[in-house]
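Just below is one structure, and these are the notes that go with it.
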Amino acid sequence: MKYLPLTPILHPWIEELNKDHDLIFDWISKFGSPINLINLDVFGENFQEFEQVFNKYGLKHKIFFARKSNKCKSLVWAAKELGFGVDTASIEELEDCVAIGLEASSITVTAAIKNQKLIEYAVKHQIPLILDNEDECDLLQKVLQEYDETLNVGIRLSGFRHKEQRLYSRFGFDVEKVKDFLFLHFNPRGKFNRLNFDGFHFHLNGYSVSERASALFQTIALADEIRPHGFDTSFIDIGGGILMNYLASAAEWDEFHQALKESAKNEKEEVTFQKDLLGMTLQNGQVVGEPKVYPYFNKLSQGKFIEEILLTEKQGQRCYDLLNERNIELRIEPGRSILAQAGLTVAKVAYRKQDAEGRLLVGLEMNKSQMTSASADFLVDPLFIPQEKLNSEPCEVYFVGGYCLEQDFILKRCIRLPQFPQIGDLLCFVNTAGYMMHFYERQAHGFDLAKNLIIGTKRTWEAKSDEIFWEARLNT
Ligand SMILES: Cc1ncc(COP(=O)(O)O)c(C=O)c1O
């Protein structure tokens, strides 16, 4: 077993909290293990970072928090309090926004499936929809006729050209065919005459700045083509996929990747449980592909990522200039990146044991569903919170969870602890607010869901639903 560090970046509030172990032990004894913490002030800071970039370039803009990345209703309420919007992926998320009091103009609906119930709800509340396909347009037109209403809509696009290729997505209208579709149907005599075209939307897979800039240029060109025909594009929404950075060291990131590839060789030590290659494959003794993991270390994150898109130049003109000249509002839907440093998950050590191959397994009172994303592993070191400092040697461990599955490893990577863990010690996994806490959360085995504690370090917030507000007086 070999541990290679992947040191997390820690926001000052996490560093402060890490000095107050009594408080964390207190939470675990009150609310059980694991618990999730959400810091609404940090959510606000991330929003401000995006705001500042848009303001710097004088852009009309709107930020919608992609709620799918974290289920806490308190975040929706905080978005309302802080003056930004929410992107919703289901009727349940939509209803929460309305119940919390967001205005229709601060809600966008990108739900992958929009059934009659959702569409009727949106029409009743005049909440604009982002449309993905012609069947959705048909259903919306039918509902609008029944209600004798009209509705503002955005059209989702895909199939952009980038470096001689087209960027595939299962979502959206083909960008090369949508113009004819609009001309034919979105007019007073067309079959979608109750749908008011208002703007375009796309959300690209992956995290490429240049792909997003290409898509944005093509969408602006499309807006120019349709304008003389009476179609005014008031906004372009470029979705999410804005990078955030979890890790402090580029060298550690590179060394881990190198060691992971090397580990496949017979005589090399494992750096992940049973030499899991995290999505790479072994073909004729050679490691093929790249790990299927989020780029946990990256240099271009959050505001800078957006700025880089805005500054991309084509034929002497920059993206932001083109938008400003046309008075087009730029929208984004950050999920993960607006939650950077805003949350963490704490779990309690239940047991230690040695497996038959000599590894030290540390059982945590949690399960894999309580900290999982689409990434093959969460490549960020946790913080260790012991009940007391011991004089024992550091030890290398794997964390396992409460499911009856062989695969219930909380992290696949081998982790080093500064001392031998004791039952009741705590592990704090930082930066779990984006997707990790809730996206795959399940109640198999009848396990309770983790409690969500809402904190604010600079001001007092409310907590919504069954979330618990905790006044944390940290020196941040
Ligand atoms: C339409 C849409 N908008 C926004 C997001 C949020 O993306 P991210 O969390 O990467 O910012 C997603 C994520 O899947 C999405 O599908």
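Following UniProt numbering, the numbering of the sequence shown begins with 1 at its first residue and continues without gaps. Yeah, the Cβ is synthetic: ideal placement off N, Cα and C, and Gly gets one too.
Which same chain residues, not among the five before or five after residue i, have their C-beta less than 6 Å away from its C-beta?
i       : result
Tyr-440 : Ser-369, Thr-372
Trp-27  : Ile-35
Ala-79  : Phe-65, Val-86
Val-84  : One detail in the question is off: residue 84 reads as Phe in this sequence, not Val. Contacts found: Phe-47, Ile-63.
Glu-149 : Val-123
Leu-268 : Looking at the sequence itself, residue 268 is Lys, so the reference to Leu does not match. Closer than 6 Å at Cβ, skipping near neighbours: Glu-262.
Glu-134 : none
Answer yes or no: do residue i and residue j have a C-beta to C-beta separation smaller than 7 Å?
i           : j       : result
Glu-211     : Leu-260 : no
Ile-423     : Ile-332 : no
Ile-454     : Ala-463 : yes
Val-123     : Cys-97  : no
Ile-91      : Tyr-121 : yes
Ser-375     : Val-293 : yes
Met-244     : Ala-340 : yes
Ser-74      : Arg-336 : no
Ile-309     : Ala-213 : yes
Val-271     : Cys-395 : no
Lys-353     : Glu-365 : no
Phe-160     : Val-175 : yes
Glu-49      : Gly-456 : no
Ile-236     : Phe-305 : no
Gln-141     : Arg-194 : yes
Lys-314     : Phe-217 : yes
Ala-112     : Ile-127 : no
residue 477 : Leu-278 : One cannot answer for residue 477 here, as it falls past the ends of the chain, which runs 1 to 476.
Ala-38      : Ala-433 : At residue 38 the sequence reads Ile, which differs from the Ala that was named. For Ile-38 and Ala-433, yes; Cβs fall inside 7 Å.
Pro-334     : Gly-199 : no
Phe-197     : Phe-181 : no
What does the Cβ neighbour count give for residue i, buried or exposed, with the cut at 16 atoms within 10 Å?
i           : result
Gly-101     : exposed
Thr-233     : buried
Asp-254     : exposed
Asn-431     : buried
Leu-247     : buried
Ala-450     : buried
Thr-110     : buried
residue 477 : Shown here, the chain extends from 1 to 476; a query on residue 477 therefore has no answer.
residue 477 : Residue numbering for the chain in the displayed model covers 1 to 476; residue 477 lies beyond these limits and cannot be assessed.
Tyr-351     : exposed
Tyr-147     : exposed
residue 479 : This structure cannot speak to residue 479, because the chain is shown only from 1 to 476.
Ala-215     : buried
Gly-316     : exposed
Looking only at its own chain, which residues have a Cβ that is under 8 Å from the Cβ of residue i, when we skip the five neighbours before and after it?
i           : result
Ile-385     : Asn-18, His-21, Ile-24, Phe-25, Val-346, Asp-425, Leu-426, Leu-427, Cys-428
residue 477 : Residue 477 lies beyond the range of the chain shown here (1 to 476); nothing can be said about it.
Asp-381     : Pro-5, Leu-6, Thr-7, Pro-8, Ile-415
Leu-144     : Val-123, Thr-150, Leu-151, Arg-194, Leu-195
Pro-295     : Tyr-207, Leu-243
Once the 5 residues before and after residue i are set aside, which same chain residues still bring their CB inside 7 Å of it?
i           : result
Arg-156     : Ile-130, Leu-131, Asp-132, Phe-171, Gly-172, Phe-173, His-201, Phe-202
Phe-273     : Tyr-398, Phe-409, Lys-412
His-229     : Phe-183
residue 479 : Only positions 1 to 476 of the chain appear in this structure, which leaves residue 479 out of reach.
Arg-359     : Met-1, Tyr-398
Leu-82      : Gly-44, Phe-47
Ser-392     : Gln-419, Phe-420
Leu-59      : Tyr-320, Leu-323, Asn-324, Leu-330
Phe-469     : Ile-454, Trp-461, Glu-462, Ala-463
Phe-192     : Cys-137, Gln-141, His-185, Phe-186
For residue i, which option in the options has the closest C-alpha, if you only look at C-alpha atoms?
i           : options                            : result
Thr-460     : Ala-472, Glu-467, Leu-449          : Ala-472
Phe-54      : Cys-319, Thr-7, Phe-186, Phe-256   : Cys-319
Lys-117     : Glu-136, Gln-354, Ser-169, Ile-306 : Glu-136
Asp-355     : Val-400, Leu-247, Lys-2            : Val-400
Phe-183     : Gly-206, Ala-223, Ala-213, Phe-217 : Ala-223
Thr-88      : Glu-308, Ser-301, Thr-108          : Thr-108
Thr-7       : Leu-379, Glu-467, Glu-325          : Leu-379
Thr-281     : Glu-267, Glu-269, Ser-263          : Ser-263
Ile-9       : Tyr-403, Glu-103, Lys-299          : Lys-299
Phe-297     : Phe-256, Ile-127, Glu-270          : Phe-256
Tyr-403     : Asn-266, Asn-452, Glu-388, Gly-446 : Gly-446
Lys-265     : Glu-252, Gly-285, Glu-16, Asp-276  : Gly-285
residue 486 : Ser-106, Thr-312, Leu-151          : Not covered by the structure: residue 486. The range shown for the chain is 1 to 476.
Asn-452     : Glu-15, Tyr-3, Glu-16, Phe-31      : Phe-31
Leu-40      : Lys-458, Ala-215, Asp-466          : Lys-458
Tyr-3       : Gln-258, Ser-106, Gly-154          : Gln-258
Ser-106     : Leu-94, Ser-465, Asn-115           : Leu-94
Glu-16      : Gln-283, Leu-383, Glu-406          : Leu-383
Tyr-435     : Arg-67, Ala-251, Leu-204           : Arg-67
Near ligand 1, which residues have their beta-carbon closer than 5 Å to a heavy atom?
-> Sorted by chain position, residues whose beta-carbon lies closer than 5 Å to a non-hydrogen atom of ligand 1 are Ala-66, Ser-69, Thr-110, His-203, Gly-239, Gly-240, Gly-241, Glu-333, Pro-334, Gly-335, Arg-336.
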